[in-house]
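One structure below.
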Ligand code: KG4
Ligand code: ZN
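Residue numbers (this note's numbering): 1159 to 1532.
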C-alpha cells in the first residue's frame, strides 16, 4: 500500500499546530497529504535579546494562535466541523509554547469531538520529505536524515514510521547555534545564519585556518564549540575596534567552509553506519545554506546516494510537517490493524527521544522495532 492510499484512511483533513520554538504555525492538510492552507508567523520580539526568550515565545503563541487558526481555516475554505483530526507538536521543545499549542489543539479536538494526535517535532522534520509530490522521486524508507537547525544537530536513520535510530548528534552546540553565535561575534545580529552566509560570499574560505572538530573520528557526532572558540581568538586582537570588512568576510567564509567540511565528513561516517541508505535528506534551517547544500549533494553523489532537501519553508519550523506526521502516524496504526488512537491525555514534553516513538505501535512479525539509540 503506498503512502497516499494509507493516509486516505484518516477520517478527514487534519488541522495542525506548531509552537515548539518561536514560529507560531497552523496548517490544514487533506487526508492524502495535499496542503489546503498553511500560515507561519515568525515571532519578532526576540532579536533584541540575541536569541529566543521562552516566556516571550509562549505568550506570543497564546495571543497569535486564535486568529491564526481562524485565518488558516478560512484559507482552506473549511468550517471547523469539516476537520477529521487535530494535531500539534507536543515535544521536544520549549515547554511553555508546547503547552499553549497542544492545549489549544486539544481544546479544538474536544469541542469538535475529533481525535487529537500528538506529534513529535523531530519526527515531523524527519518525515517531511515524504509529503506527496514534494521531492522528485519521493523519499522511500530507509533514508539518512541530517537535521541541522538552531536547536538540533543529528544524523538519524529513518527506517519506517516510528522506526528511528539516532546515529550521532552534537556534543555541544547545534549547527545553527554555532552560526548564530559566530554571527553575533561578527556583529551581524540574530538569527545570524543567513547574514553570515551573505557576508561569506565576499570572503575567501581558505584565508583563515580554523579547526575541523571531530573530523575523521569514528561515529558521526558533531562538535562546534572549538570552532567558535577559534573564531573568538582570531577576533581578540581587535578588541572593541571595528573589524575590517574584508577580514570579517574572510572569517565568515572560513567558518562556513569549516562547518561544511565537518558536516560532509560526519555524513560520510553516518552513511558507513547505514549501508542500506540510498537517500540523504537534509532538514532544519541550516539546510538553507547553499555552501552546505552543495557539499551534501557532492557527498551523497560520491556515495551513490540521492540528496534531497525540502523547500526552505518546509525545512524550517512549520505546521505542514506536523500535519503530515499525524497522517503518517494515523495511517501506520491503521495499516497495522490497530485502533486509531487519540492522544488527548498525553502531556507536552520538553524532551521526547525519537526512540520512544516505536512504542506507539505494537510490533508485528513483519515490522521489527527500531534499535536503541547509541
Ligand atoms: O529550523 P529553524 O528555522 O528553527 C529551529 O532552530 O528549530 O533553524 C533556525 C536556524 C538558525 O540558527 C539560523 O541561523 C539557521 O537556522 N540558518 C542558517 C541559514 N538560514 C537559517 N544557517 C546557515 N545558513 C543559512 N543560510
Ligand atoms: Zn524544528
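C-beta atoms are modelled at their ideal positions from N, C-alpha and C, and glycine is treated no differently.
Bear in mind that the values here come from a model prediction, so they are computed numbers and not experimental data.
Going by beta carbon distance, what residues of the same chain come within less than 7 Å of residue i, once the five residues before and after it are set aside?
| i | result |
| --- | --- |
| residue 1166 | Unreliable positioning characterises residue 1166 in this predicted model, as indicated by a pLDDT of 48, which lies under 50. The coordinate reading is nonetheless provided below. Excluding positions up to five away in sequence, the list reads 1189 and 1190. |
| residue 1500 | 1273 and 1274 |
| residue 1444 | 1306, 1307, 1333, 1334, 1337, 1351 and 1450 |
| residue 1267 | 1244, 1273, 1274 and 1502 |
| residue 1484 | 1172, 1174, 1243, 1245, 1275 and 1277 |
| residue 1299 | 1316, 1317 and 1318 |
Could you check whether residue j and residue i sit closer than 9 Å to each other, using their CB atoms as the reference points?
| i | j | result |
| --- | --- | --- |
| residue 1339 | residue 1347 | no |
| residue 1322 | residue 1513 | yes |
| residue 1422 | residue 1456 | yes |
| residue 1481 | residue 1245 | yes |
| residue 1468 | residue 1280 | no |
| residue 1361 | residue 1401 | no |
| residue 1487 | residue 1257 | no |
| residue 1180 | residue 1229 | no |
| residue 1477 | residue 1411 | no |
| residue 1345 | residue 1240 | no |
| residue 1265 | residue 1219 | no |
| residue 1373 | residue 1430 | no |
| residue 1473 | residue 1435 | no |
| residue 1251 | residue 1177 | yes |
| residue 1325 | residue 1377 | yes |
| residue 1475 | residue 1183 | yes |
Determine the DSSP secondary structure at residue i, reduced to helix, strand or coil.
| i | result |
| --- | --- |
| residue 1335 | helix |
| residue 1453 | helix |
| residue 1443 | helix |
| residue 1176 | strand |
| residue 1502 | coil |
| residue 1198 | strand |
| residue 1312 | strand |
| residue 1170 | coil |
| residue 1519 | coil |
| residue 1535 | Since the first residue shown for the chain is 1159 and the last is 1532, residue 1535 is missing from the structure and cannot be characterised. |
| residue 1318 | strand |
| residue 1389 | helix |
Which residues in the same chain as residue i place their Cβ atom closer than 6 Å to its Cβ, once the five residues preceding and following it in sequence are excluded?
| i | result |
| --- | --- |
| residue 1329 | 1379 and 1381 |
| residue 1303 | 1284, 1314, 1316 and 1439 |
| residue 1233 | 1195 |
The alpha helix (DSSP H) spanning residue i covers which residue range?
| i | result |
| --- | --- |
| residue 1382 | From DSSP, residue 1382 is part of no alpha helix (DSSP H); its letter is neither H nor E. |
| residue 1354 | 1351-1358 |
| residue 1473 | 1470-1473 |
Note the first and the last residue of the continuous beta strand (DSSP E) segment covering residue i.
| i | result |
| --- | --- |
| residue 1326 | 1321-1327 |
| residue 1425 | Taken as a continuous stretch (DSSP letters only), residue 1425 belongs to no beta strand (DSSP E), being part of the alpha helix (DSSP H) at 1403-1431. |
Could you pull out every residue in the same chain whose Cβ sits closer than 8 Å to the Cβ of residue i, ignoring the five residues on either side in sequence?
| i | result |
| --- | --- |
| residue 1497 | 1491 |
Tell me whether residue i, by its Cβ, gets closer than 8 Å to a heavy atom of ligand 3.
| i | result |
| --- | --- |
| residue 1311 | Absent from the structure shown: ligand 3. Ligands present: ligand 1 and ligand 2. |
Where are the beta strand (DSSP E) runs, 3 residues long or more, that stay fully inside the stretch 1231-1298, in chain order? 1243-1249 and 1274-1278
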